[in-house]
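What follows is one structure encoded as C-alpha cells, with my remarks underneath.
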Amino acid sequence: MEEILDFLIKAGSLKKMPRTGFVWLGIKEPETIAQHSYRVALMNWILSLKEKKKMDVKKVIRISLVHDLCEVYAGDMTPYWGLLPDDPKERLEMLKHYLHLPKALKMKRDRVKHKKEKKALLKLIEGLGQKEKKEIMGYWMDYETSKSREGRFVKQGDKVEALLQALEYWGSTPDTPVMGWWEEVGAVVNDPVLKDFLAKLKKYFYGKNEDPGEINFLIKIGRLKIMPRSGWVSRGVEDPETVVEHAFLMALAVWLLGAKKRLNQEKILKMALAYEICEIWAGGGTPNDKLIREKNDVLGQRSKIFKKEKEKLFLKDYKKEKKALEELTANLGLSLKKELIGLWDECKRQKTFEGAFVNQVYWLTTYLQALQYYKANKKFPIWGWYEQVRQYIYDPLLLEFLKIEEKKFLSSKVAADHDQE
Amino acid sequence: MTDEKNFYLTKEGLKNIKKEYEDLLLIKHQKTTGEAPKILHSEDVDPEYLSYQEDLIMLDSKMLELETILKNAKLIKVPPKDKQEAIDLGATVLVDIGGSKDEFMIVGTLEANPSEGKISNESPVGRLLLGKKVGEEVMVSAPNKTICKIKKIKYSVA
Chain A
1 MEEILDFLIK AGSLKKMPRT GFVWLGIKEP ETIAQHSYRV ALMNWILSLK EKKKMDVKKV
61 IRISLVHDLC EVYAGDMTPY WGLLPDDPKE RLEMLKHYLH LPKALKMKRD RVKHKKEKKA
121 LLKLIEGLGQ KEKKEIMGYW MDYETSKSRE GRFVKQGDKV EALLQALEYW GSTPDTPVMG
181 WWEEVGAVVN DPVLKDFLAK LKKYFYGKNE DPGEINFLIK IGRLKIMPRS GWVSRGVEDP
241 ETVVEHAFLM ALAVWLLGAK KRLNQEKILK MALAYEICEI WAGGGTPNDK LIREKNDVLG
301 QRSKIFKKEK EKLFLKDYKK EKKALEELTA NLGLSLKKEL IGLWDECKRQ KTFEGAFVNQ
361 VYWLTTYLQA LQYYKANKKF PIWGWYEQVR QYIYDPLLLE FLKIEEKKFL SSKVAADHDQ
421 E
Chain B
1001 MTDEKNFYLT KEGLKNIKKE YEDLLLIKHQ KTTGEAPKIL HSEDVDPEYL SYQEDLIMLD
1061 SKMLELETIL KNAKLIKVPP KDKQEAIDLG ATVLVDIGGS KDEFMIVGTL EANPSEGKIS
1121 NESPVGRLLL GKKVGEEVMV SAPNKTICKI KKIKYSVA
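Protein chains in written order, with our numbering: chain A, 1 to 421; chain B, 1001 to 1158.
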C-alpha cells in the first residue's frame, strides 16, 4: 500500500496548484486544481441524476476526480498555452474571449497537449498496481476522448463548473473575462441537462432568479473551496488545506483503499464527497477540535472528558451539522436531499460498514495532512493526533495504512516501535 | 459485504440491528407487492425500472449483510463478578493519559464511534487495554512516552 500513499501525496500537490486561467486574469489567491476537481465531481454527480437515460454515477464521479490529475506533472495547460502575448493589457484582452482557432491548428495543439498530459499521468500512476493504473488511465482516456456518455458529460461539466467559478469571481459585470467562458460553453456543451443548467445560470446571474435549485447549493459549496479547515488554523498552520481540498483527497483515498474491501463502491465515493459539506454552517474542524474548544483547553493536550460528556457533545455537534445540511440542501429535490443527509448520517454515526469505513478514511487523510505539516515544521503538535488515531481507526486494512503513513513521516524509532506492536 | 466472523454487540446494538432488518423486510414487502415499473418504455429501458431494480439489489445486499451479522452476533454480557476487575468488551474505562483523564467504553467494531466515547476492541488502544486491571499501565504513544494508567473499570451492559 506504500504505492497508494505515494500517489495520494503526489495528488495532494494539486491542493497547492492554482488554476492558470484565473492566475493570468489577476484573481488573488485563485482556486486550486483540487478545489475545482472536487466541485466538478459533486456538480456532475447531482446534475447527472437529471439525465433521462440513467447514467453510471460512480463512473461520473471517478472520471471527474481523475480529469485533472495529470496536472500534477503537466501543469494546468489552458487552451491559450503558448499563445498569450507578454503585454498584460493585450493578454487580458485576448483572455476575454474564447479562443477560436482553425480546426487543423486546434487539432494539432490538442494532440501535443494530450501527449504531454498522458505522459504526466503515466508518471503519476506508475507506482500503482496494474488494476488501479488501468482504471485511472481508462477513466482519464474516457474524459479525453469523450468515449462514453459519462466521459462526454464530465468533459462538458468541467467547462460548466469553470464558468460558474468565473461568474462567482466577476458576477454579471459586463466586459469581463467571464464572456470567454460563456463563449466556450456555447461551443462545447450540447448535453440537454447541462444546457438547461446553463440557462438557469444565465437567469440567476443576469436576470430573475426563478429557480435557485442546485445553483444556490453549488455556490455555497464554492465557499467551502476557500474555507480553511479550522483544525489547521487553530494550530497556526500557514496557508492551510481547505475543507474541499481535504474532501478531494479523501475521495481518492476512499476509491483506492475502498476497492480492497467488499463495500458499495459508489456509495463510499458519494459519502466522501458529501461528508464535509455541512461545514459551510457547522463551522469546520474535527470533533476533537470541537471538544477542545468546548473545554477551552490547550491545543494538542488531552482534556478531562467523560463518556457522558462525549455523548452530549456528539449529539450537539450532530444536531448542528444536520441542521446545516438541511438548510444547505433545502432547494434540492427531495430524494437528493434525503440521499445527501442519509450518506452524511451513516458516516457520522458509523451506522453502516460503508459509513464506518469512510469515517476512518476521514481520520487517515486528516492525519496524513497533519504528518505533512509536522514534517515541514517539527513544532506542529503531532502527538495528540498520534494518540487519537489509535482510538479512531480499527479497520485492519486502514491500520496497516496508518503504519505506512507513520513509517514515511515519523522517525525511524517510531517505525521500529510499530514493528513491535 | 461482510466477512464471516463474530460480531460483538451490546443488547441495545443487537436490538437496533434486528429492528433495521425488520424495517428492511417491510420495505421489501411493500416494494415487491405493488406494481413494478415495466422494463421497456418506448425503445429505451425505462429508467424507473432500472432504479427499481437497483433499489431491490441494494436492499437485498443490505439485508444479506444484516443476516450475516445476526447469524454471527455474540452478545456482550456483563462478566461474572470475579472477572469484572479486568477490561473486556462492554467495560467503561476511566484512564489517566499523560496527566489528564479520559473515559470510553470498549465495544465491538459495529458499535464503535469514538466521538461518542465508544472505541472498538480492534483499535490499537482497545487492543492494548483488553485484559488490563485497575492500576496497570500501557504505553499509548511510544514516541511521546505517553502512559495510560487504568483508574476505574465498570460494567453496565444489561
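Built from N, CA and C at the ideal position, the CB exists for glycine as well.
The model shown is predicted, which means the values in this text are computed figures rather than measured ones.
Let me check understanding here. Comparing Cα to Cα, which of Gln-388(A), Leu-402(A), Asp-68(A) and Ala-166(A) lies closest to Pro-177(A)? Numbered from its first residue, the first sequence carries residue 177(A) at position 177. The candidate whose alpha carbon is nearest that of Pro-177(A) is Ala-166(A).
Glu-309(A) to Asp-68(A), Cα distance in whole Å? Start at 1 with the first residue of the first sequence, and residue 309(A) comes out as number 309. Start at 1 with the first residue of the first sequence, and residue 68(A) comes out as number 68. Going by the C-alpha atoms only, they are around 44 Å apart.
Going by beta carbon distance, what residues of the same chain come within less than 6 Å of Val-1138(B), once the five residues before and after it are set aside? For this step, residue 1138(B) is matched to residue 138 along the second sequence. Contacts found: Leu-1128 and Cys-1148.
Residues in its own chain within less than 6 Å of Tyr-139(A) by CB, not counting five upstream and five downstream? Taking the first residue of the first sequence as 1, we reach residue 139(A) at position 139. Arg-62, Ile-63 and Val-66, listed in sequence order.
Which residues, taken in chain order from the segment 1070 to 1099 of chain B, show a beta carbon closer than 7 Å to some beta carbon of chain A? Thr-1092, Ile-1097 and Gly-1098
How close, in whole Å, do the beta carbons of Arg-223(A) and Ile-280(A) come, if the pair is a contact with beta carbons under 8 Å? Walking along the first sequence from the start, residue 223(A) turns up at place 223. Walking along the first sequence from the start, residue 280(A) turns up at place 280. Their Cβ separation, rounded to whole angstroms, is 6 Å, which keeps Arg-223(A) and Ile-280(A) in contact under 8 Å.
Under 9 Å, CB to CB, which of the residues in the segment 43 to 63 of chain A have a partner in chain B? Glu-51, Lys-52, Lys-53 and Lys-54
CA-to-CA distance, Ala-1086(B) to Lys-1133(B), given in whole angstroms: Taking the second sequence and counting its residues from 1, one reaches residue 1133(B) at position 133. Taking the second sequence and counting its residues from 1, one reaches residue 1086(B) at position 86. Looking at the two C-alpha atoms, the distance is approximately 5 Å.
If we count Cβ pairs, one from each stretch, closer than 8 Å, do we get three or more for the segment 105 to 124 of chain A versus the segment 44 to 60 of chain A? no
Chain B contact residues for Phe-306(A), given Cβ-Cβ distances below 9 Å: Reading the first sequence from its first residue, position 306 is the one you call residue 306(A). Ordered by position in chain B, the residues that pass the 9 Å Cβ test against Phe-306(A) are Leu-1094, Lys-1101, Asp-1102, Glu-1103 and Gly-1117.
Would you tell me roughly how many angstroms separate the C-alpha atoms of Ile-1106(B) and Tyr-1008(B), rounded to the nearest one? Locating residue 1106(B) in the second sequence gives position 106, counting from the first residue. Locating residue 1008(B) in the second sequence gives position 8, counting from the first residue. Cα to Cα, Ile-1106(B) sits roughly 11 Å from Tyr-1008(B).
Is there at least one Cβ from chain B nearer than 7 Å to Gln-391(A)'s Cβ? The sequence position of residue 391(A) within the first sequence is 391, counting from 1. Gln-391(A) belongs to the set of residues whose beta carbon lies under 7 Å from a beta carbon in chain B.
For Ser-230(A), three-class secondary structure by DSSP: On the first sequence, position 230 is the one that residue 230(A) refers to. In this structure, Ser-230(A) counts as helix in the three-state DSSP scheme.
Per-residue burial, Tyr-394(A) [other beta carbons within 10 Å of its own, 16 or more giving buried]: The residue given as residue 394(A) occupies position 394 in the first sequence. With 16 or more other Cβ atoms within 10 Å, it is buried.
Residues in the segment 131 to 154 of chain A having any Cβ partner in chain B nearer than 7 Å: none
Cβ closer than 9 Å: which chain B residues qualify as neighbours of Phe-314(A)? Within the first sequence, the letter at position 314 stands for residue 314(A). Here the neighbours are Asn-1113, Ser-1115, Glu-1116 and Gly-1117.
Residues of its chain near Asn-1121(B), where Cβ-Cβ distance is below 8 Å and the 5 sequence neighbours each way are ignored: Here residue 1121(B) refers to the residue found at position 121 of the second sequence. Excluding sequence neighbours, Asn-1121(B) sits near Tyr-1008, Leu-1089, Ile-1106, Val-1107, Gly-1108, Thr-1109, Arg-1127 and Leu-1130.
Taking all protein chains shown into account, decide if Ala-376(A) is buried (16 or more other Cβ within 10 angstroms of its Cβ) or exposed. As a first step, residue 376(A) must be located in the first sequence, where it is residue number 376. Classification of Ala-376(A): exposed, given that the 10 Å Cβ count is below 16.
Using a Cβ-based criterion (distance less than 6 Å to any ligand heavy atom), does Ala-1091(B) qualify as near the ligand MG? What this structure holds is no ligand at all, so the ligand MG is not there to describe.
Examine chain A for any beta-carbon lying closer than 7 Å to the beta-carbon of Val-1125(B), and answer yes or no. Within the second sequence, residue 1125(B) is the residue found at index 125, counting from 1. The C-beta of Val-1125(B) comes closer than 7 Å to at least one C-beta of chain A.
Just to make sure I have the definition right: I need the residues of chain A whose C-beta is within less than 8 Å of the C-beta of Asn-1144(B). Which are they? Indexing the second sequence from 1 puts residue 1144(B) at position 144. Counting only Cβ-Cβ distances below 8 Å, Asn-1144(B) has contacts in chain A at Trp-383, Tyr-386 and Glu-387, in chain order.
Can you check DSSP and say which residues form a bridge with Glu-117(A)? The residue you call residue 117(A) lines up with position 117 of the first sequence. The partner list for Glu-117(A) (beta bridge, DSSP) is empty, contrary to what the question assumes.
What's the C-alpha gap between Tyr-374(A) and Ile-382(A)? Taking the first sequence and counting its residues from 1, one reaches residue 374(A) at position 374. Taking the first sequence and counting its residues from 1, one reaches residue 382(A) at position 382. If you take the alpha carbons of Tyr-374(A) and Ile-382(A), they lie about 6 Å apart.
Which of the three DSSP states is assigned to Leu-224(A) in this structure? Here residue 224(A) refers to the residue found at position 224 of the first sequence. Here Leu-224(A) sits in helix by DSSP.
Under DSSP, the alpha helix (DSSP H) around Leu-1025(B) begins and ends at which residues? Sequence index remark: in the second sequence, residue 1025(B) carries index 25 (1-based). The continuous alpha helix (DSSP H) containing Leu-1025(B) extends over residues 1011 to 1033.
For Val-298(A), does the count of other Cβ atoms within 10 angstroms reach 16, so buried, or fall short, so exposed? Translated into the one-based positions of the first sequence, residue 298(A) becomes position 298. Residue confidence for Val-298(A) is low, a pLDDT of 41 falling below 50, so the modelled location carries little weight and cannot support an answer.
Cβ separation of Ser-172(A) and Tyr-143(A), assumed to be a contact under 8 Å, to the nearest whole Å: Reading the first sequence from its first residue, position 172 is the one you call residue 172(A). Reading the first sequence from its first residue, position 143 is the one you call residue 143(A). Contact doesn't hold; Cβ gap of about 30 Å is too wide.
Excluding sequence positions up to five away, which residues of its chain have a Cβ less than 6 Å from the Cβ of Gln-301(A)? By one-based count along the first sequence, residue 301(A) stands at place 301. Confidence at Gln-301(A) is low in this model, with a pLDDT of 49, below 50, so the placement of that residue is unreliable and no value is reported for it.
Spell out the partners DSSP gives Asp-1096(B) in its beta bridges. Stepping through the second sequence from its first residue, residue 1096(B) is reached at position 96. Looking at the DSSP assignment, Asp-1096(B) forms a beta bridge with Lys-1101(B) and Lys-1149(B).
Residues sharing a beta bridge with Leu-1075(B), DSSP: One-based indexing of the second sequence puts residue 1075(B) at position 75. Answer by DSSP bridge pairing, in chain order: Leu-1009(B).
Quick check: the segment 235 to 247 of chain A against the segment 115 to 128 of chain A, are there 3 or more CB pairs under 8 Å? no
Check Lys-54(A) in the structure and name its three-state DSSP category. Taking the first residue of the first sequence as position 1, residue 54(A) is located at position 54. Residue state, collapsed to three classes: coil.
Rounded to whole angstroms, what's the CA-CA distance from Ile-1150(B) to Glu-387(A)? Just pull it up for me. Position 150 of the second sequence, counted from the start, is the residue given in the question as residue 1150(B). Position 387 of the first sequence, counted from the start, is the residue given in the question as residue 387(A). Each residue's Cα considered, the two are about 16 Å apart.
Does any residue of chain A have a CB that is nearer than 7 Å to the CB of Met-1001(B)? Taking the first residue of the second sequence as position 1, residue 1001(B) is located at position 1. Caution applies to Met-1001(B), whose pLDDT of 48 falls short of 50 and renders its modelled position unreliable; the model cannot decide the point.
Measuring CB to CB, does Ala-253(A) end up less than 7 Å from Leu-273(A)? As a first step, residue 253(A) must be located in the first sequence, where it is residue number 253. As a first step, residue 273(A) must be located in the first sequence, where it is residue number 273. In this structure, Leu-273(A) does not lie closer than 7 Å to Ala-253(A) by Cβ.
Would you report the Cα separation of Trp-45(A) and Tyr-38(A), rounded to the nearest angstrom? In the first sequence, the residue the question calls residue 45(A) occupies position 45. In the first sequence, the residue the question calls residue 38(A) occupies position 38. Cα to Cα, Trp-45(A) sits roughly 11 Å from Tyr-38(A).
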